[in-house]
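Going by the UniProt record's numbering, the first residue of the sequence shown is number 1, and it counts up by one from there.
The beta-carbon is built from N, C-alpha and C at its ideal position, and this holds for glycine as well.
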Amino acid sequence: MVGRYLLPLPSDDEIEVLEKKIQYRFVDRELLREALQASTDRNQDGNKTLAFFGDLVLDLVLAISGRKENKPRGKIKEMSEQKAGNVHLSKQGFDLGIDKFIVKNPSQTVVGINVMATTMEAIVGAVYLDCNKQIAPCADVMVALGLSWPE
């Protein structure tokens, strides 16, 4: 999969730093590298397919957590909108310094809110695929990213 990337990808050392931040070690690091690829005019999809998976997993994990807490459907939906919304996703990503790992178009000087939110979703999606579609590791990564149901 490396051949389809147009811009330099994070090194193994950088990937290890990010893995420590998210408290998950990838079996297939190419999934994490894909998750860090912002879409560009040359790389249309970038990390958006992984972000699609991640968005679904975020909602599922938050719904499962809300059900365990005996929360009503409306409260679960509200929490999902808050925790999985672009504002919160991007805030958490910037707070954790994930913007330093994102591979963006060279003409972009900063990582925008939408790019950060998409990358956060893509990281969760990458974990989901890497761990053989198990929910528990995704939930653990969501805790590390500050995206889980509040205690």
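Under the three-state reduction of DSSP output, residue 82 falls in the helix class.
For the UniProt domain "RNase III" (15-132), the continuous alpha helix (DSSP H) assignments of 4+ residues that do not extend past its boundaries occur at 29-35, 48-68, 73-83, 86-95, 113-130, in sequence order. Residue range 135-145 is occupied by the alpha helix (DSSP H) that includes residue 137. Burial state of residue 130 is buried, judged by a 10 Å Cβ sphere holding 16 or more other Cβ atoms. With the rule of 3 Cβ pairs closer than 8 angstroms, the region 85-96 counts as touching the region 116-132. By the Cβ-count criterion, residue 54 is buried, with 16 or more other Cβ atoms from all chains shown falling within 10 Å of its own Cβ.
Excluding its 5 nearest sequence neighbours in each direction, residue 25 has C-beta neighbours in its own chain below 7 angstroms: 19, listed in chain order. Counting only the Cα atoms, residue 71 lies some 25 angstroms from residue 128. Exclusion of the five residues before and after residue 99 leaves 93, 111, 116 as the residues of its chain whose Cβ lies within less than 7 angstroms of its Cβ.
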